[in-house]
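One structure is given below, encoded as C-alpha cells.
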Amino acid sequence: MFSVVHQPKGEQCHAVVWNKLCPQFADGFKEFTPEGITEARQAVADIGNNQLQLDINESDVVDLLESHAEELTNEDLMELEQQMIAFEEEGQVLETPEPNRFLTKELAEAFHLIETGMAKLEEQDPNAERFTKIYQIFLSCCKAIYNEKKKSSVQATLNVYFKKLTSEINLHSPAAESDPDSAPGPSSPAPGPSSNS
26 MFSVVHQPKG EQCHAVVWNK LCPQFADGFK EFTPEGITEA RQAVADIGNN
76 QLQLDINESD VVDLLESHAE ELTNEDLMEL EQQMIAFEEE GQVLETPEPN
126 RFLTKELAEA FHLIETGMAK LEEQDPNAER FTKIYQIFLS CCKAIYNEKK
176 KSSVQATLNV YFKKLTSEIN LHSPAAESDP DSAPGPSSPA PGPSSNS
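If you count by our numbering, then the sequence shown holds residues 26 to 222, one letter each, in order.
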C-alpha cells in the first residue's frame, strides 16, 4: 500500500518509468514544450506546401493527427470492409502506373524527327558555329540515354539464343507412321553402339 500511495502520477510517472527502463532513450527528457510542438506542426505544413505542393496549414496538420489518434469503431471497420468488397466485385484493382521509360525504337524515331527539324533550322541560321554548339548541348544527354539503351538491348545473354524444346516428338503423327525409318520404334532398334559386340 505504501508504494501505491507514493507513486508519481501522470507524465511524471511516464518519465520515471522510461528513465528506469530505457535510460539511453530518455536522456533526461522531461516533456515537449508547446513551442516545440508548434514548430514541429509548422515544419510539417512547410514540407507539405513546399515539397509536396499541397495547400495546407498548421490546423490541417492538427486535424490529421487527431483523426489518426481516434480508434476506429466497429461501424468504421465494417464500412471499410464493404468498400474493399465493392472494389473486388467491380474488378477495380488499385494499380500503380508503370513509370515512364525510354524505348529504343521511339528514341530513334524522335532523334530522326529532331535531326530533320534541326537541319531546317541550320539552313536558316547565318552562324553555323553557334548552331552546332547549341545542337550538341541540346542532344548530348538524350543521345547518351539512347546509346545506353541500345547497348543494353544488344548485350543479350546466351540463354536468349538457346531454344528449350517443350514438346517431344510425337510417334503417332501421320508422318511418323508413313516413314518407319524416321523415328525409332519398338520393332527397329535405335541407332547407336550395339551391345552384342
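Positions of the beta carbon are idealized from the N, C-alpha and C atoms, including for glycine.
Check                                                                                                                                                                         : Outcome
What do you reckon, are the CB atoms on C167 and L128 nearer than 9 Å?                                                                                                        : no
Determine whether the beta carbon atoms of I62 and G73 lie at a separation below 9 Å.                                                                                         : no
Using 10 angstroms around the beta-carbon of A224, count the other beta-carbons present and answer buried if the total reaches 16, otherwise exposed.                         : The structure shown does not extend to residue 224, since the chain is modelled only from 26 to 222, so the question has no answer here.
Taking the straight line between their C-alpha atoms, what separation do you get for E83 and M109?                                                                            : 32 Å
Check whether the region 155-173 and the region 136-143 are in contact - that is, three or more C-beta pairs closer than 8 Å.                                                 : yes
Excluding the five sequence neighbours on either side, which residues of its own chain have a C-beta within less than 8 Å of the C-beta of D150, listed in chain order?       : F156
Excluding the 5 residues preceding and the 5 following K174 in the sequence, name in chain order all residues of the same chain whose CB lies nearer than 6 Å to its CB.      : F127, T129
Does DSSP put E155 in a helix, a strand or coil?                                                                                                                              : The displayed chain sequence assigns Arg, not Glu, to residue 155. Correct three-state label for R155: helix.
In chain order, what residues of the same chain lie with their CB nearer than 7 Å to the CB of L245, ignoring the 5 residues before and after it?                             : The question about residue 245 has no answer, for the chain in this structure spans 26 to 222.
Taking just the CA atoms, how far does Q67 sit from F57?                                                                                                                      : 15 Å
Using a 10 Å radius around the Cβ and a threshold of 16 neighbouring Cβ atoms, would you call A70 buried or exposed?                                                          : buried
Label E96 either buried or exposed according to how many other C-beta atoms from any shown protein chain fall within 10 Å of its C-beta, with 16 as the threshold for buried. : exposed
In whole angstroms, what is the alpha-carbon distance linking A94 and L102?                                                                                                   : 15 Å
Can you tell me where the alpha helix (DSSP H) with I62 in it begins and where it stops?                                                                                      : 59-75
Going by the beta-carbon positions, is the gap between Y171 and M143 smaller than 9 Å?                                                                                        : no
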